[in-house]
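**Q** Just so you know, the sequences run in chain order C and G. Each step along the first sequence adds one to the number in the numbering used here, with nothing skipped, and position 161 is 255. Each step along the second sequence adds one to the number in the numbering used here, with nothing skipped, and position 98 is 192. All C-beta atoms, glycine included, are put in the ideal place defined by N, C-alpha and C. Provided herewith is a single structure, encoded as structure tokens, for subsequent inquiry.
Protein chains: 2
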Amino acid sequence: MFSQASEYALRALTELARCDPQEWVLTSQLAKLLDVPVHYLAKVLQTLARRGILESQRGRQGGFRLGMSPDDVSAYDVVRELDDIRSLESCIMGENDCSDDTACPLHALWKTIRDEFVDALRNTTLRDLADFQEARPGSGRLAAVKSKLPELRRPGPGAAASG
Amino acid sequence: MFSQASEYALRALTELARCDPQEWVLTSQLAKLLDVPVHYLAKVLQTLARRGILESQRGRQGGFRLGMSPDDVSAYDVVRELDDIRSLESCIMGENDCSDDTACPLHALWKTIRDEFVDALRNTTLRDLADFQEARPGSGRLAAVKSKLPELRRPGPGAAASG
DNA sequence: TGATAATAGGACTTGTTTATCCATTTATCA
DNA sequence: TGATAAATGGATAAACAAGTCCTATTATCA
């Protein structure tokens with residue numbers, strides 16, 4: 095249904111919506127948690143950062159975090175940035191002149207389904223996705239990934255303990 | 095939504111369901127009517143012929159015609175031959191372990207929409223598509239294409255008039 | 001100030017879909 | 001029997017998505 099890019103984006107943003115909104119999260123941590131190609135995920139995150147859905151910080155202590163409130167970003171907003179979502183609007187039989195007026199044989203059916211789908215995506219926020227994931231048994235967490243990657247763990251400012 | 099191949103197939107089969115089931119129709123006639131690439135359409139039709147949805151006849155007076163009753167072929171049957179329709183069954187967020195038991199945040203939504211869509215495709219026959227198209231104002235007909243392509247027009251056996 | 005760790009961005013590879021072209025096979029017609 | 005018209009099948013190209021790799025840029029830390 096969605097492109098790989100959109101799938102990765104939805105999953106990454108869901109995880110970012112689950113953790114401290116101030117915290118910078120590494121691409122490598124997200125890739126590890128989601129089990130997706132790290133370089134490709136990086137491209138996706140960069141695109142989302144250009145669009146304002148994410149903020150990015152270069153250099154040491156850098157990473158990505160949400161650029162907007164998870165209540166203000168819908169699943170539709172995410173997919174729209176990465177997929178040509180207007181293709182959902184076009185004729186499912188590929189006709190050139192298919193509209194409500196001159197409908198192809200599948201137009202009414204497709205319009206019903208598609209509108210239902212798009213409405214649901216518009217009404218589902220990153221907060222919704224994060225809350226669902228939070229309540230899901232056995233769902234991994236970024237914190238767990240970090241504790242399993244000691245070479246990536248960094249003491250926060252003021253934390254002097256070093257094991 | 096569907097691949098180009100499926101779109102071409104649905105449209106071509108709809109037209110074939112509108113005309114004499116005994117008549118052999120040329121790829122070039124269908125391509126002209128649908129305004130699609132003739133060679134690519136030919137590949138699609140050949141695939142459908144291998145699957146039994148179409149019959150084909152080589153040589154002069156050859157062409158394609160339905161291999162089954164238009165009442166017995168659903169839109170789902172057509173798309174299944176050309177697209178990997180199982181991708182509709184897989185997780186919309188791309189998760190590996192997403193099922194009714196361990197559902198991703200969009201699972202319930204997607205399952206509802208997808209089932210509704212697939213059921214509708216299963217319950218829509220080529221006859222339905224053809225009937226709709228038949229009642230549609232301004233929908234082209236294969237007969238019209240043939241009369242506009244005199245070089246393709248062939249007298250039927252016993253038809254001697256050539257005026 | 002230099003080393004390090006991170007994002008940013010471009011070039012490249014790989015695989016699939018879409019599309020084109022050509023030669024082959026097959027059936028009909030004169 | 002030969003010419004013609006059609007599907008068949010293979011090779012190839014173009015466009016796109018997915019993924020990899022390398023370098024540049026930027027921020028932090030010692």
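Per the DSSP calculation, G188(C) is bridged to which residue(s)?
**A** In the first sequence, counting from the first residue as 1, residue 188(C) sits at position 94. According to DSSP, which records beta bridges pairwise, G188(C) is partnered with nothing at all.
**Q** Roughly how many angstroms separate the alpha carbons of P251(C) and D195(G), rounded to a whole number?
**A** On the first sequence, position 157 is the one that residue 251(C) refers to. On the second sequence, position 101 is the one that residue 195(G) refers to. Bear in mind that a pLDDT of 36 at P251(C), under 50, signals an unreliable position, so the number given afterwards is only what the model happens to contain. Here the alpha carbons of D195(G) and P251(C) stand approximately 42 Å from one another.
**Q** If we cut at 8 Å on Cβ distances, does A106(C) have a partner in chain G?
**A** What you label residue 106(C) is simply residue 12 of the first sequence in a count that begins at 1. False, the Cβ-Cβ gap to chain G never drops below 8 Å.
**Q** Would you call the CB atoms of A103(C) and L127(C) closer than 8 Å?
**A** Working through the first sequence from its first residue, we reach residue 103(C) at position 9. Working through the first sequence from its first residue, we reach residue 127(C) at position 33. No, these two residues do not count as a Cβ contact at 8 Å.
**Q** Quickly, what does DSSP pair T219(G) with across the bridge? List them, please.
**A** On the second sequence, position 125 is the one that residue 219(G) refers to. S168(G).
**Q** Does DSSP put S150(C) in a helix, in a strand, or in coil?
**A** Your numbering for residue 150(C) matches position 56 in the first sequence. Three-state result, S150(C): strand.
**Q** Cβ of F211(C) less than 8 Å from any chain G Cβ?
**A** As a position in the first sequence, residue 211(C) is number 117, starting the count at 1. Answer yes: the Cβ-Cβ gap between F211(C) and chain G drops below 8 Å somewhere.
**Q** What did DSSP end up calling L160(C) once you bin it into helix, strand or coil?
**A** Reading the first sequence from its first residue, position 66 is the one you call residue 160(C). Of the three classes helix, strand and coil, the one that applies to L160(C) here is strand, per DSSP.
**Q** Grab the span of the alpha helix (DSSP H) containing A99(C) for me, first residue to last.
**A** As a first step, residue 99(C) must be located in the first sequence, where it is residue number 5. 98–110 is the span of the alpha helix (DSSP H), which, as asked, contains A99(C).
**Q** Helix, strand or coil: how does DSSP classify S256(G) here?
**A** Looking up residue 256(G) in the second sequence gives position 162. For S256(G), the predicted structure reports a pLDDT of 33, less than 50, and the residue's modelled location is therefore unreliable. A value from the coordinates is still provided. In the structure shown, S256(G) sits in coil (DSSP, three-state: anything other than H, G, I, E or B).
**Q** Could you list which residues in chain G have their beta carbon closer than 7 Å to that of F147(C), in chain order?
**A** Residue mapping note: residue 147(C) aligns to position 53 of the first sequence, counting from 1. With the sequence shown as reference, residue 147(C) is identified as Ile, and Phe is not the correct amino acid for it. In chain G, no part has a C-beta under 7 Å from the C-beta of I147(C); the shortest such distance is about 16 Å.
**Q** Along chain C, in chain order, which residues have C-beta atoms closer than 9 Å to that of M95(G)?
**A** Indexing the second sequence from 1 puts residue 95(G) at position 1. Within chain C, the residues near M95(G) are M95, S181, L182, S184, I186, W204, R208.
**Q** Which partner residues does V119(G) have in the DSSP bridge list?
**A** Your numbering for residue 119(G) matches position 25 in the second sequence. Answer is F158(G).
**Q** Along chain G, which residues have their Cβ under 9 Å away from the Cβ of Q98(C)?
**A** Counting from 1 along the first sequence, the entry for residue 98(C) is found at position 4. In chain order, G188 make up the part of chain G whose C-beta sits under 9 Å from the C-beta of Q98(C).
**Q** If you run the structure through DSSP and keep just helix, strand and coil, what is T196(C)?
**A** Here the question's residue 196(C) lines up with position 102 in the first sequence. Correct three-state label for T196(C): coil.
**Q** Identify the contact partners of Q227(C) in chain G, using a Cβ-Cβ distance below 7 Å as the criterion.
**A** In the first sequence, counting from the first residue as 1, residue 227(C) sits at position 133. What Q227(C) touches in chain G: P199.
**Q** When you compare only the Cα positions, how much space is there between T121(G) and V132(G)?
**A** For the purposes of this step, residue 121(G) is taken as the residue at position 27 of the second sequence. For the purposes of this step, residue 132(G) is taken as the residue at position 38 of the second sequence. Spanning the two alpha carbons is a distance of roughly 7 Å.
**Q** For the alpha helix (DSSP H) containing L139(C), list its first residue and its last residue.
**A** By one-based count along the first sequence, residue 139(C) stands at place 45. L139(C) -> alpha helix (DSSP H) spans 132–144.
**Q** Of the choices L223(G), W204(G), V212(G), whose alpha-carbon is the least far from that of L215(C)?
**A** The count along the first sequence starts at 1 and reaches residue 215(C) at position 121. Closest option to L215(C), Cα to Cα, is W204(G).
**Q** Closest to F158(C) by C-alpha separation, out of T108(C), I186(C), G188(C), would be which residue?
**A** Your numbering for residue 158(C) matches position 64 in the first sequence. Cα-wise, what sits closest to F158(C) is T108(C).
**Q** Figure out for me which residue from Q155(C), E210(C), D166(C) has the closest Cα to the Cα of L182(C).
**A** The sequence position of residue 182(C) within the first sequence is 88, counting from 1. It is E210(C) whose Cα lies nearest to the Cα of L182(C).
**Q** To the nearest angstrom, how far is it from the Cα of V173(G) to the Cα of N217(G)?
**A** Here residue 173(G) refers to the residue found at position 79 of the second sequence. Here residue 217(G) refers to the residue found at position 123 of the second sequence. Answer to the nearest angstrom: the Cα atoms are 13 Å apart.
**Q** Looking at chain C, which residues of the stretch 213–225 of chain G have a Cβ within less than 9 Å of any of its Cβ atoms?
**A** A214, L215, T218, D222, L223, A224, D225
**Q** Are the C-beta of E175(G) and some C-beta of chain C separated by less than 8 Å?
**A** Sequence index remark: in the second sequence, residue 175(G) carries index 81 (1-based). Answer no: the Cβ-Cβ gap between E175(G) and chain C never drops below 8 Å.
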